[in-house]
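Chemist: Under numbering that gives the first Met the number 0, the first residue of the sequence shown carries the number 0, and numbering increases by one thereafter.
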Amino acid sequence: MDRIEWESLPTTARDAVQRELGSPVKVEQIGDGRRSALAVVAHLAAGRVFLKGAPLDHERAAAQLGREASVNPHVLAVSPALVCDMEVGGWRLLGFEYEEGRRVDYTPGSRDLPAVLDALATVDGLKVPAGVDVQWFEGRWSDYAVVPERLPRIAGTALLHTDLNAGNVLMTGAGARLVDWGMASRGAPLVNPADLVVNLIACGHTPKDAEAVVCDLAPWRHAAPEVVDYYARLLATTWLEAFWTPTHPWARAVVDAAVRWAMYRRDRH
């Protein structure tokens, strides 16, 4: 999605934000992220707020923002708190407490990895009430799976982030913080550590070493090997189809990582 600057937001939307939070002294553009047309840090008299938003007529992006807002009260143990949520001027806008930090380092030998594992262990213990707008993970794959009758293998009620790329993990003084819950889902617990495995491979780990990083997480330890194999195959085959000609370098890296992981799982047998 193309990004806009704060000044390009409709006047009615900017005015509503200023009534809610106060007038920004400075607005800083943010480069990370792909799903929001607006992503800025507003420097206010009382502190800083991270603002993100999308036009309401971009239904998918607006729905993801709605999901993120619904999930936020239940993930505060690992995520910044939502401080404003509004639909105004044809836009859905969310504001979050600003947390000072940096993008996570997923490369081999990174000192960030223990904190990331701690965050995932915390997520494993979080519960989201049934009425909260969270997708069923297996349903997201129903149009793509080569063998759809096997999709129940990744079904479940565990809270899943499903987009653990390095831009969505912020290293702070309080540890690793997980942001951008717009794709939050319910599914098999193994998905969170498995998704981390793919991201680690994309950042330079071998498949064997990436699996070793997550091996002590309970959802990974308790997962049946054939279910891990299935999820690896599902990622590889689906992403090859969806991103056969990727234009973004990270998309290419993740597809390559998923294929490498699937082949590693196959060659173990």
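Ideal Cβ positions, reconstructed from N, Cα and C, are used throughout, including at glycine.
(1) Using a 10 Å radius around the Cβ and a threshold of 16 neighbouring Cβ atoms, would you call residue 146 buried or exposed?
(2) Identify whether residue 262 lies in helix, strand or coil by the three-state DSSP scheme.
(3) Considering only residues of the same chain and omitting the five flanking positions on each side of residue 170, which have a CB-CB separation below 6 Å?
(4) Might you give, ordered along the chain, the residues of its own chain that have their beta carbon closer than 6 Å to the beta carbon of residue 9, omitting 5 neighbours on each side?
(5) Are the region 51 to 68 and the region 115 to 126 touching, with three or more C-beta to C-beta distances below 8 Å?
(6) Helix, strand or coil: which one does DSSP assign to residue 300?
(7) Could you check the C-alpha separation between residue 210 and residue 118 for me, to the nearest Å?
(8) Compute the Euclidean distance between the alpha carbons of residue 138 and residue 43, then round it to the nearest angstrom.
(9) Could you check where the alpha helix (DSSP H) with residue 232 kicks off and where it finishes?
(10) Can you tell me the Cβ-Cβ gap for residue 229 and residue 149, rounded? I've got them flagged as a contact below 8 Å.
(11) Name the one or two DSSP bridge partners that residue 11 has.
(12) Quick check on the DSSP output: the beta strand (DSSP E) that includes residue 69 runs from which residue to which?
(13) Cα separation between residue 93 and residue 179?
(14) Just to confirm my understanding: we take residue 130, look at its own chain, exclude 5 residues before and 5 after, and list those with CB closer than 8 Å. What are they?
(15) Could you please give the first and the last residue of the uninterrupted alpha helix (DSSP H) stretch that includes residue 193?
(16) Only counting the same chain, and skipping five residues up and downstream in sequence, which positions put a Cβ closer than 8 Å to that of residue 151?
Modeler: Taking the geometry as given:
(1) exposed
(2) helix
(3) 100, 101, 103 and 111
(4) 88
(5) no
(6) Any answer about residue 300 is impossible in this case: the structure gives the chain only from 0 up to 268.
(7) 17 Å
(8) 41 Å
(9) 224 to 241
(10) 6 Å
(11) According to DSSP, residue 11 bridges with nothing at all.
(12) Counting along the chain, residue 69 falls outside any beta strand (DSSP E), though it belongs to the alpha helix (DSSP H) covering 58 to 70.
(13) 11 Å
(14) none
(15) 190 to 201
(16) 137
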